[in-house]
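Structure first, then comments.
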Amino acid sequence: MSFDLESLASMALFARVVQARSFTAAAAQSGIAKSAVSRRIAGLEQRLGVELLRRSTRKLALTDEGLRFYEHCKRILEAASAAEDAVSAASEVIRGRIRISAPVTFARMYLVQALAAFLRENPEVEIDLVLDDRFVDVIEGGFDLILRIGRLKDASFVARRIATDRIVVVAAPSYLDRLGTPETPEDLVNHNCLRYALVPASGEWRFRDEAIPVHGNLTVNDGATLVQAAIAGLGLVVIPMFMVASDVAAGRLVLVLEAHRRGEIGIHAVTAQGKGLPRRTRALLDFLSKWFDDRCWEALRERASPTV
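If you're matching positions, the sequence shown starts at 118 in this note's numbering and goes up one per residue.
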């Protein structure tokens, strides 16, 4: 049985589906519609006369024939990536598409400037940036790179710390004038503590492994909005320093409970693999590490524009 170029493209697409464990993610990686992916895989199965994948509403499972076929198909992807890297290396030009997921506020305040500088240096690279404060899956989401802030729970991915920050508690001077300044974490039970909806309550207001049973009259799923509520004098918030550094410097917010400082947090660039990364993704990782090195990060944080 001979295979034409279209069949080879379908084989590479099949390998992407298997690696991403999702038709949707493979479609995003390939820049085509999910329906087109389904048609291409169905065409492969019809041509081969075997079932390659068993589909359910929740997951995909390889058949025995599909597993054997995948072992050959993945070599097509590897060869294509190696060929692209070889050509790029020879021409010293970095090109191709990089799909990134990043937290909304961090991207608006810091990441977009870094990406703009990277694209100016590498005009043949295209970036697909998806903003999402939730912890997305780098593989299932079809991403080449995701930015995560805080503790990483999944050890199956490769993470590079590009910056270090810390968690602080802040409030507006007007709020502290009305209700006083808490001196200990236990004092928080007498204050209006605003909540970030995407962090469990048990982990948000925690000091030295002790969760403080706070209460508040506002819960928000957007960090920048939470900061604005604090500036408006509504209550106290616990937030990464990078989100409020300029507001603290300008006097719009005041750091409290500094004697009971929370620990440092990492800002990581996460990928699904290490040595096999395309050259363009490796180049972006190196660029971000230099852009956000310790001295540059401090300067960026201090001169950041307001969150809205």
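Ideal placement from N, C-alpha and C gives every residue a C-beta, glycine not left out. For clarity, every value in this text was computed on a predicted model and none was experimentally measured.
Is the separation between the beta-carbon of residue i and that of residue j shorter than 8 angstroms?
i: Val287; j: Val365; result: yes
i: Ala386; j: Ile279; result: yes
i: Leu401; j: Ile215; result: yes
i: Asp261; j: Thr398; result: yes
i: Ala347; j: Ala289; result: yes
i: Arg418; j: Ala362; result: yes
i: Val167; j: Glu182; result: yes
i: Leu351; j: Leu311; result: yes
i: Leu372; j: Val285; result: yes
Is DSSP giving residue i helix, strand or coil here?
i: Arg212; result: coil
i: Ile266; result: strand
i: Ser139; result: coil
i: Pro220; result: coil
i: Leu353; result: strand
i: Phe235; result: helix
i: Val373; result: strand
i: Arg192; result: helix
i: Ile279; result: strand
i: Ala366; result: helix
i: Leu179; result: strand
Grab the span of the beta strand (DSSP E) containing residue i for me, first residue to last.
i: Arg172; result: 170-172
Going along the chain, which residues of its own chain have a beta-carbon closer than 7 angstroms to the beta-carbon of residue i, five neighbours each way excluded?
i: Ile266; result: Pro220, Phe223, Pro357, Ile382, Ile384
i: Val425; result: For Val425, the predicted structure reports a pLDDT of 43, less than 50, and the residue's modelled location is therefore unreliable. A value from the coordinates is still provided. Answer for Val425: Ala341, Gln345, listed in chain order.
i: Pro330; result: Val306
i: Ser155; result: Phe140
i: Cys413; result: none
Excluding the 5 residues flanking residue i on each side, which residues of the same chain have their C-beta closer than 8 angstroms to its C-beta?
i: Leu315; result: Asp250, Arg251, Asn338
i: Gly148; result: Arg214
Measuring only from the beta carbon, is residue i closer than 7 angstroms to any heavy atom that is part of the ligand COA?
i: Gly267; result: Ligands displayed in this structure: none; no statement on the ligand COA is therefore possible.
What residues match up with residue i in a beta bridge as DSSP calls it?
i: Glu324; result: Note on identity: in this sequence residue 324 is Phe, with Glu being the wrong assignment. DSSP output for Phe324 lists Glu327 as bridge partner(s).
i: Ala386; result: Leu264, Arg277
i: Cys310; result: Leu353
By Cβ distance below 6 angstroms, which residues in the same chain neighbour residue i in space, the five residues on each side in sequence not counted?
i: Tyr292; result: Gly350
Within the continuous alpha helix (DSSP H) that includes residue i, where are the two ends?
i: Asp304; result: That residue, Asp304, is in no alpha helix (DSSP H); it is neither H nor E in DSSP.
i: Leu394; result: Careful: Leu394 lies outside any alpha helix (DSSP H) and carries neither H nor E.
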